Structure formats: structure tokens, C-alpha cells
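A.B. asks: I have a structure here, written as C-alpha cells, and I will follow up with some questions on it.
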Amino acid sequence: MKLLTLAVVSLALSVVACGEPLTKAEAKKAWPGTAGLADSSDNGASSLTASISRSLDCPKGGDMDATASVSSNLRSADFDFGFELELNDCTVQVGEFDAQGAYSLTDSEMTLDGDMEWAFGYEDNGDGSFELSWSYTGDVSYSGVVEGDCEFELTASMTSNANSSDPLAIEVKYDGDICGYQASEVLTYNE
208 MKLLTLAVVS LALSVVACGE PLTKAEAKKA WPGTAGLADS SDNGASSLTA
258 SISRSLDCPK GGDMDATASV SSNLRSADFD FGFELELNDC TVQVGEFDAQ
308 GAYSLTDSEM TLDGDMEWAF GYEDNGDGSF ELSWSYTGDV SYSGVVEGDC
358 EFELTASMTS NANSSDPLAI EVKYDGDICG YQASEVLTYN E
């Protein structure tokens, strides 16, 4: 009986030992392999990708099917985010920009049908500078305060300059078409 009791106690202690903290020597052995997971391109752990899809109600009626995805390089701060929408009689309250570019909602509504995609990315240039980039593409039909169809393909970027003495030295560029017009024509708020 004493031998059986000793075996049970030993087994119980060995199970509990699985949760025991590592010694300093064990930690020194374990940590480089743990931290190195993000630096290892051989095991597939250098990037992470996830996505989610949902059907959502629009603010004033209708719905949209939304898919969001994100991917990240674990060895750097770089990441990409994407968002796809399928609009089904999606009704929203309309806003407008004033001459200074401030946006405010109006009492008007419009309904949208179609598809649009939005992508956003961040890249750490490794020298203290970064680049943000985004794009919009889509084909949408409007009714309500705006009537008609619109195809758009717009890209934009914002880049910081690590060599500048001004921490706010940021260059913004955009290009593309919105409803058949140059993006620069549509994104001017003082007209």
C-alpha cells in the first residue's frame, strides 16, 4: 500500500511540475527559440492572416455583406488591412463638405447598390520613416439625393521623411478616377 501511495503522489507531483516556473537557466534556453518564432521564415510563423465576414444592416435601411481581412509581417511592423462591401439597397444619411473641408451631415439620404473594396497598408521603412497607403475600388449605383452610377479607382499614400528636421514633414499623394473624373477634381472642397 505504501508503494501505491508513493506512486500516486509521484504522479500527482509530476503533473503539477508541468506548471512550475522555469529556472533562470531554463528561461535562457527557452526564450531565444520563443522570440525567434517571429524571425523564422521556415516555419510559416513570420506572418499572420485573418478574415471575418458578416451581414450588416445599413443605418437607414437595406444591408451590406462585409468581409474584413488583415495580414501582418511579425518580423516588422508592416501590415495590410482590407475591407470588401456588397451593398444591397443600403440607405445612408448624406453629408457635405464646406469650403474648409469640414464634413457635416444633412437631412438628405441616398441608397447605394454595388460593390466596393478598401485596402490600407502600413510599412515601416526601418529608418524612422513610414508609409501609409490606401486604395478604394468599386462600382456603385446611387438613388435619392444622388442618381446614377459611379466607378472609382483611387490610390493614395502618406510618407514621412526621417531625414527632415520637421517631425510633421509628411508627403501625401493620391491618384485615380472617381465617377469618371480625376480624383483631384472630386476631392477639392472649395467649389
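Residues are numbered in the numbering used here as their position in the sequence shown, beginning at 1, plus a constant of 207. All residues carry an ideal CB built from backbone N, CA and C; glycine is no exception. Here the structure is a predicted model, which is why all the values come from computation and not from measurement.
1. Skipping 5 residues on each side, what residues in its chain have a beta carbon closer than 6 Å to that of Glu233?
2. Would you report the Cα separation of Tyr310 and Val301, rounded to the nearest angstrom?
3. Would a C-beta distance cut-off of 9 Å place Ser348 and Gly387 closer than the cut-off?
4. Suppose you measure from the CA of Gly355 to the CA of Val393; what does that come to, to the nearest Å?
5. Report, in whole angstroms, the separation of the C-beta atoms of Ile377 and Ser391, which I expect to be a contact under 8 Å.
6. Would you report the Cα separation of Asp407 and Leu312, rounded to the nearest angstrom?
7. Look at the Cβ atom of Thr362, then the Cβ atom of Gly383, and state whether they are nearer than 9 Å.
8. Going by beta carbon distance, what residues of the same chain come within less than 6 Å of Thr352, once the five residues before and after it are set aside?
9. For the alpha helix (DSSP H) that Ala390 lies in, which residues bound it at each end?
10. The beta strand (DSSP E) that contains Ser364, what's its start and end?
11. Just how far apart, CA to CA, sit Asp287 and Phe359?
12. Going by Cα to Cα distance, which pick from Ser262, Gly269, Lys267, Gly345 is closest to Ala275?
13. I'd like the span of the beta strand (DSSP E) that includes Val313, first residue to last.
14. Which residues share a DSSP beta bridge with Thr298?
15. Taking just the CA atoms, how far does Trp325 sit from Tyr343?
16. Compare the C-alpha of Ile385 against each of Asp373, Glu293, Pro266, Cys357 and name the closest.
17. Who are the near neighbours of Gly268 in its chain, counting only those whose CB is closer than 6 Å to its CB and skipping five residues on each side?
C.D. replies: Reading from the atomic positions:
1. none
2. 10 Å
3. no
4. 16 Å
5. About 18 Å separates the two Cβ atoms, so there is no contact after all.
6. Lying outside 208 to 398, the shown extent of the chain, residue 407 is not represented and no answer is given.
7. yes
8. Just to set this straight, residue 352 is Val in the shown sequence, not Thr. Closer than 6 Å at the Cβ level, and outside the excluded window around Val352, lie Val301, Ser315, Met317.
9. 390-393
10. 355-367
11. 21 Å
12. Ser262
13. The question names Val, yet the displayed sequence has Thr at residue 313. Its beta strand (DSSP E) spans residues 310-331.
14. Thr318
15. 5 Å
16. Cys357
17. Thr298
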